[in-house]
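All residue numbers for the sequence shown refer to this note's numbering, where the first residue is 114 and numbers rise by one. Report on the structure given below.
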Amino acid sequence: MTSPPTEVAALPPAESTPKQPPPEKPSETRRRTYVILSFWFIVLVLGLPIWWRTTTIYRADLPLDRMLQWANGKACRPTFPLQISIRADAVADQDAQNLIRLTQHALDDLNDFPGHHLRLKLDQNWNKDSTSSRQLDSDSTLTINLTPDDANSASLSPDSPILDMTYAPHAIPSPNSASSTLATFIANELQHTFSEEQSIISYLLSTSSMSSTARQQALTAETAEVLSKRTTRSLRYAPTYHLSFSLFTDGAIPNTWDIDAAISEYMKPMLDVLGPIHNFTIDTQVQLYATPGVQSQVLNKEHLASFVNAAEWPLSPSIGGAPTINFIIFVGNQTIGSNDAQVENSQSWMIPQWGSVYLLHMPSSEKHVPTQALKQPMLMFGGHLLTLLGTPQSGSLPLRLSALARIRTTDLLLRAASSLGSLARLSPSLPSISIPRSVADGVSSSLQHLEQACANLAGAEGLLHARIAEEEAERAFFEKSMVGQLYFPDEHKIAVYLPLLGPTGVPLVLGLINEFKNWIKRRKQRAQEAKEKKGH
Numbered sequence: 114m115t116s117p118p119t120e121v122a123a124l125p126p127a128e129s130t131p132k133q134p135p136p137e138k139p140s141e142t143r144r145r146t147y148v149i150l151s152f153w154f155i156v157l158v159l160g161l162p163i164w165w166r167t168t169t170i171y172r173a174d175l176p177l178d179r180m181l182q183w184a185n186g187k188a189c190r191p192t193f194p195l196q197i198s199i200r201a202d203a204v205a206d207q208d209a210q211n212l213i214r215l216t217q218h219a220l221d222d223l224n225d226f227p228g229h230h231l232r233l234k235l236d237q238n239w240n241k242d243s244t245s246s247r248q249l250d251s252d253s254t255l256t257i258n259l260t261p262d263d264a265n266s267a268s269l270s271p272d273s274p275i276l277d278m279t280y281a282p283h284a285i286p287s288p289n290s291a292s293s294t295l296a297t298f299i300a301n302e303l304q305h306t307f308s309e310e311q312s313i314i315s316y317l318l319s320t321s322s323m324s325s326t327a328r329q330q331a332l333t334a335e336t337a338e339v340l341s342k343r344t345t346r347s348l349r350y351a352p353t354y355h356l357s358f359s360l361f362t363d364g365a366i367p368n369t370w371d372i373d374a375a376i377s378e379y380m381k382p383m384l385d386v387l388g389p390i391h392n393f394t395i396d397t398q399v400q401l402y403a404t405p406g407v408q409s410q411v412l413n414k415e416h417l418a419s420f421v422n423a424a425e426w427p428l429s430p431s432i433g434g435a436p437t438i439n440f441i442i443f444v445g446n447q448t449i450g451s452n453d454a455q456v457e458n459s460q461s462w463m464i465p466q467w468g469s470v471y472l473l474h475m476p477s478s479e480k481h482v483p484t485q486a487l488k489q490p491m492l493m494f495g496g497h498l499l500t501l502l503g504t505p506q507s508g509s510l511p512l513r514l515s516a517l518a519r520i521r522t523t524d525l526l527l528r529a530a531s532s533l534g535s536l537a538r539l540s541p542s543l544p545s546i547s548i549p550r551s552v553a554d555g556v557s558s559s560l561q562h563l564e565q566a567c568a569n570l571a572g573a574e575g576l577l578h579a580r581i582a583e584e585e586a587e588r589a590f591f592e593k594s595m596v597g598q599l600y601f602p603d604e605h606k607i608a609v610y611l612p613l614l615g616p617t618g619v620p621l622v623l624g625l626i627n628e629f630k631n632w633i634k635r636r637k638q639r640a641q642e643a644k645e646k647k648g649h
């Protein structure tokens with residue numbers, strides 16, 4: 114028999130101890146610490162200041178308080194000092210002065226729009242013996258000619274700023290009178306003469322940011338609605354407008370017209386009068402076989418809006434940056450339905466903020482449009498032009514145009530103040546956008562011209578300053594370099610810097626953390642060694 118195999122117990126494997134690196138020399142430790150600190154020194158002392166300097170967004174200082182004051186109506190209260198001259202040849206100077214005093218009191222009581230300061234004065238400088246009795250005082254907005262007659266009456270001259278008034282016998286008040294029916298009559302006529310202008314300016318103030326502080330006339334809902342439609346219909350102010358006169362015909366004739374002579378005779382006088390407020394450039398064209406947008410022979414109100422065939426008719430939008438006002442004469446067999454009470458004329462209609470169309474009927478064999486045939490269209494275009502420019506509808510033409518200048522001055526002043534207020538509120542809310550030096554210069558220039566415009570609201574100088582102020586404010590608000598950064602959010606900045614800072618920043622941060630841990634470890638070891646030596 115064989116003996117069973119002897120089991121030999123397996124010996125446990127000897128434990129292998131990892132080989133420790135040789136202790137680091139103090140000099141090497143200091144060298145590594147200096148290397149890490151030198152990197153951080155370069156980053157903090159050189160890198161960050163250079164990065165901050167080269168990436169900081171330049172923001173010029175803006176007078177935000179003054180800008181907000183203008184926007185809120187606290188820097189300027191629009192007032193219009195209008196001088197009214199009174200000529201009374203048949204009245205003694207002392208009685209005339211007394212009449213003016215009583216009229217001024219009555220006028221101040223009637224005037225519910227404090228922005229209009231109507232000031233009366235006796236015109237003693239004109240020559241009573243001169244044959245040119247209609248010579249006007251250049252400083253006066255309106256001249257009143259008082260002449261004796263059988264009853265009190267008033268008539269406004271259609272072609273000059275003169276109000277002819279007559280008074281009944283014994284209507285001149287005595288020096289001791291406290292009131293006068295003639296003074297009340299004159300005050301009522303003056304109030305009526307300037308009532309439309311007051312309503313328009315009050316409406317502009319009520320729809321602006323100055324509505325809470327500006328002094329304005331109380332408007333009824335009906336009046337406000339009418340003025341709102343008129344404002345929507347008129348063009349925005351521009352120093353220059355381009356007038357485009359077009360002759361469209363649905364056939365081959367007529368193919369010539371005396372447009373130059375018609376413009377010179379019927380339009381040029383009005384354009385010359387408008388010269389202090391607007392400049393005008395003119396072009397003309399003739400288009401044959403022009404098909405209108407509506408083929409119906411009888412046009413109703415719904416057809417008028419689509420009559421102009423903008424897709425095929427060569428109507429230039431703007432030339433030289435100036436807004437274009439189109440005046441179209443269409444020669445064809447179409448007419449406007451006379452039963453439509455909304456149409457202001459049976460041959461023409463106005464398109465808001467665009468221009469006017471006139472339907473001209475001529476014999477089918479007529480090849481030429483003479484000057485006389487263009488008279489009525491040109492006169493109609495002149496009226497439509499005044500409406501498109503926002504001119505008041507009542508009063509004589511000189512008074513309407515002087516009122517237009519004041520209305521445009523107010524509008525420009527309010528728009529400039531609104532733009533400055535928007536910029537003042539935008540700047541603090543978006544600290545990441547740049548504010549170039551040009552913006553600050555534009556704001557400064559706008560504020561200077563606003564102050565000068567506010568001080569000369571009743572004169573032509575006020576319109577000039579208000580126009581410059583509005584242009585500078587708009588240019589500052591829509592600065593290209595500033596507007597481009599409105600749409601640059603912080604997420605874009607993270608996307609730009611993360612690929613750069615990630616690879617460079619992680620080693621620096623981890624190296625600093627490791628070195629800090631090693632420093633703590635070495636400090637604990639030194640403390641332990643010192644403790645052991647102390648125990649021995």
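Glycine included, C-beta positions come from ideal geometry on N, C-alpha and C.
- Task: Assign Y316 to one of three DSSP states: helix, strand, or coil.
- Result: Against the sequence shown, residue 316 aligns to sequence position 203. Note: Y316 maps to helix in three-state DSSP.
- Task: Using the DSSP secondary-structure output, state which residues sit across from R232 in a beta bridge.
- Result: Mapped onto the sequence shown, residue 232 falls at position 119. DSSP output for R232 lists Q196 as bridge partner(s).
- Message: Within a Cβ cutoff of 6 Å, which residues of the same chain sit near A284, ignoring the five residues on either side of it in sequence?
- Response: The sequence position of residue 284 within the sequence shown is 171, counting from 1. Cβ within range, chain order: L295.
- Message: Using the three-state DSSP reduction, which class does T404 fall into: helix, strand or coil?
- Response: Indexing the sequence shown from 1 puts residue 404 at position 291. The answer is coil: DSSP assigns T404 none of H, G, I, E or B.
- How big is the Cα-Cα spacing for G495 and M383? The sequence position of residue 495 within the sequence shown is 382, counting from 1. The sequence position of residue 383 within the sequence shown is 270, counting from 1. In a straight line, the C-alpha of G495 is about 7 Å away from that of M383.
- Can you give me the Cβ contacts of T397 inside the same chain, cut-off strictly under 6 Å, excluding the 5 residues immediately before and after it? For this step, residue 397 is matched to residue 284 along the sequence shown. F358 and I372.
- Task: Alpha carbon to alpha carbon, how far is Y354 from E457? Give it in angstroms, no decimals.
- Result: The residue labelled residue 457 in the question sits at position 344 within the sequence shown. The residue labelled residue 354 in the question sits at position 241 within the sequence shown. Per-residue confidence for E457 stands at a pLDDT of 49, beneath the threshold of 50, marking its modelled position as unreliable; no derived number is given.
- D363 to Y350 span [Cα, whole Å]: Here residue 363 refers to the residue found at position 250 when the sequence shown is read from its first residue. Here residue 350 refers to the residue found at position 237 when the sequence shown is read from its first residue. Going from the Cα of D363 to the Cα of Y350 covers about 35 Å.
- Query: What are the start and end residues of each continuous alpha helix (DSSP H) run of 4 or more residues lying completely inside the region 203–232, in chain order?
  - Reply: 206–223
- Name the DSSP bridge partner or partners of Y354? The sequence position of residue 354 within the sequence shown is 241, counting from 1. Its beta-bridge partners are F393.
- Sort out for me which residues DSSP pairs F361 with in a bridge. Taking the sequence shown and counting its residues from 1, the one referred to as residue 361 is at position 248. DSSP, once it has assigned bridges, lists Q400 and F443 as partnering F361.
- Message: In this structure, how does DSSP classify N185 when only helix, strand and coil are distinguished?
- Response: Here the question's residue 185 lines up with position 72 in the sequence shown. DSSP places N185 in coil when its eight states are reduced to three.
- Task: Go through the region 482–542 residue by residue and report every complete run of the alpha helix (DSSP H) that reaches 4 residues or more, in order.
- Result: 488–501 and 510–542
- Over the uninterrupted beta strand (DSSP E) stretch that includes G468, give me the two end residues. If you number the sequence shown from 1, residue 468 lands on position 355. Taken as a continuous stretch (DSSP letters only), the beta strand (DSSP E) holding G468 covers G468 to L473.
- Message: Beta-carbon within less than 8 Å of Y379's beta-carbon, same chain only, minus the 5 sequence neighbours each way: which residues are those?
- Response: Position 266 of the sequence shown, counting from 1, holds the residue named residue 379. These residues qualify, in order along the chain: L487, K488, M491, L492 and G495.
- Assigned secondary structure, I464 (DSSP; H/G/I helix, E/B strand, else coil): By one-based count along the sequence shown, residue 464 stands at place 351. DSSP places I464 in strand when its eight states are reduced to three.
- Task: Determine the closest residue to N289 out of L570, H218 and N211, with distance taken between C-alpha atoms.
- Result: Counting from one through the sequence shown, the residue named residue 289 turns up at place 176. Residue N211 is the option with its Cα nearest to N289.
- Message: Which residues does DSSP list as the beta-bridge partners of T448?
- Response: In the sequence shown, the residue the question calls residue 448 occupies position 335. T448 pairs with V411.
- State yes or no: is the C-beta of A579 within less than 9 Å of the C-beta of P194? If you number the sequence shown from 1, residue 579 lands on position 466. If you number the sequence shown from 1, residue 194 lands on position 81. No, Cβ-Cβ distance for A579 and P194 is not below 9 Å.
- Query: Taking Cβ to Cβ, would you say L181 is nearer than 9 Å to G624?
  - Reply: Working through the sequence shown from its first residue, we reach residue 181 at position 68. Working through the sequence shown from its first residue, we reach residue 624 at position 511. In this structure, G624 does not lie closer than 9 Å to L181 by Cβ.
- Message: Tell me the DSSP secondary structure of W426 in three-state form.
- Response: Locating residue 426 in the sequence shown gives position 313, where the first residue counts as 1. Three-state DSSP puts W426 in coil, outside helix and strand.
- Residue range of the alpha helix (DSSP H) that D554 falls in? For this step, residue 554 is matched to residue 441 along the sequence shown. R550 to A568 is the extent of the alpha helix (DSSP H) around D554.
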